[in-house]
Amino acid sequence: MAGSGPSELILLSAGLIVAALVSGIILQTWDDMDDVLDERGKQGAEDVRTRVSLVSDPINIAWEGGDNAKIHLQNSGDTFLDVNSVGAVLGGTTMTVTVTDGTTTQWLPGDTVQFTLTNSGLDSDLSTGDNDILITVSVSSTATGYTGLDTLREEVRIVKP
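So the sequence shown is numbered by my numbering: it starts at 1067 and just counts up by one.
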C-alpha cells in the first residue's frame, strides 16, 4: 500500500486536467451558442420592424399599355426600406419592378412610393375586364446592419381595357 500514494496522485492530477479541458470546451461552446442566439434575436427584431402595405385600391388596379400596372406601396414599418430591392409576382408571373418617378431613392417609414410592375408576357394571360389574381410583393431593409424581410400577399383585381 505504500506505493499506491504517488500513482493515486498522478491519476487525480490527470483527472483534474481532463475535467478542466472538458469544462473549457463546454464553456466555449456555450458562449458560441449565446452569440448565435443573440444574432438571431437581432435578425428577428429587424424582420419585425420591416413592413410593407398595399395602399392602391386592390379591386381596381389598371393594366396599362399591354405590359404594366402601377401600384402604391407604403413603408408601414419602423425602418428604412430599399426601393431597389422590391420584388413582385403577379398572377404567378415575375414582374420587373421600378420606381415610377425614377428619382426616389429613400423609402422612409410612413412614406408611400408608386412602383411600376412590368412584364409583357402577362398580357396574354389576362382577359379583357376584371381579373382576380394574387399579388406577392417582397421588400427588404438593411438600416441596422441586419437584413429585415417582409412579404405581402393579397388578392387584387387587375382591370384590363
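For every residue, glycine included, the Cβ atom is placed at its ideal position computed from N, Cα and C.
Small disclaimer: the values here were computed from a predicted structure and weren't measured.
The three-state secondary structure of Arg1223, taken from DSSP, is strand. Note that the C-beta distance between His1138 and Val1152 is not below 8 Å. Check the Cα spacing between Arg1117 and each of Glu1221, Tyr1212, Ser1204: the tightest is with Ser1204. Note on geometry: alpha-carbon atoms of Val1149 and Met1099 lie some 35 Å from one another.
Per the DSSP secondary-structure output, Gln1140 pairs in a beta bridge with Ser1119, Thr1178. Within a 10 Å sphere around the beta-carbon of Ile1224 sit 16 or more other beta-carbons, which makes this residue buried. In the structure shown, the three-state DSSP call for Ser1089 is helix. For Thr1145, same chain residues with a beta-carbon under 8 Å away, outside a window of 5 residues either side, are Glu1112, Arg1115, Thr1116, Pro1175, Ser1207, Ala1209, Thr1210, Gly1214 in chain order. Beyond the five residues adjoining it in sequence on each side, Ala1128 comes within less than 6 Å, by CB distance, of Val1225 in the same chain, given in chain order. Between Leu1188 and Thr1159, the beta carbon gap of about 5 Å places them in contact (Cβ cut-off 8 Å). The straight-line gap separating the alpha-carbon atoms of Asp1101 and Ser1089 is approximately 18 Å. Cβ neighbours of Val1163 within its own chain (closer than 7 Å, five residues either side excluded): Val1152, Gly1153, Ala1154, Phe1181, Leu1183. The continuous beta strand (DSSP E) containing Val1155 extends over residues 1153-1156.
Under a 10 Å Cβ-count criterion, Ala1080 is classified as exposed, with fewer than 16 other Cβ atoms of the shown protein chains found around its own Cβ. For Leu1183, the three-state secondary structure derived from DSSP is strand.
One Cα belongs to Ala1135, the other to Asp1198, and the distance between them is close to 14 Å.
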